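*Asks:* Residue numbers (my numbering): 207 to 278.
Handing you this structure, nothing more for now.
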């Protein structure tokens, strides 16, 4: 799936796509908010949740390994 197609999906559809076609490879917490890192064939996606961890607030898709720095 191309970046534009992914961005056109709503948050629930994006998460469903990640769970079906991606692999969760990391997690971290920033300001008490959980963030999951998924790997797809075309790069990586961070999923930012609310403080309770039960609602997707936003996603960030990237290809550069520099984006992986917070997980090292």
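Just so it is clear, CB atoms sit at the ideal spot from N, CA and C, and this is done for glycine as well.
Since this is a predicted model, take the numbers as computed values, not measurements.
(1) Residues bridged to residue 272 by DSSP?
(2) Taking just the CA atoms, how far does residue 223 sit from residue 247?
(3) Which two residues bound the contiguous beta strand (DSSP E) that contains residue 229?
(4) What separation, rounded to the nearest whole angstrom, lies between the Cα atoms of residue 238 and residue 255?
(5) My understanding is that residue 235 touches residue 244, with C-beta atoms under 8 Å, so please give their C-beta distance in whole angstroms.
*Replies:* Checking against the coordinates, here is how it stands:
(1) Partner(s): none; residue 272 has no beta bridge.
(2) Approximately 12 Å, taken between the alpha carbons.
(3) 229-236
(4) 10 Å
(5) Not quite, the Cβ-Cβ distance comes to about 16 Å (not below 8 Å), so this is no contact.
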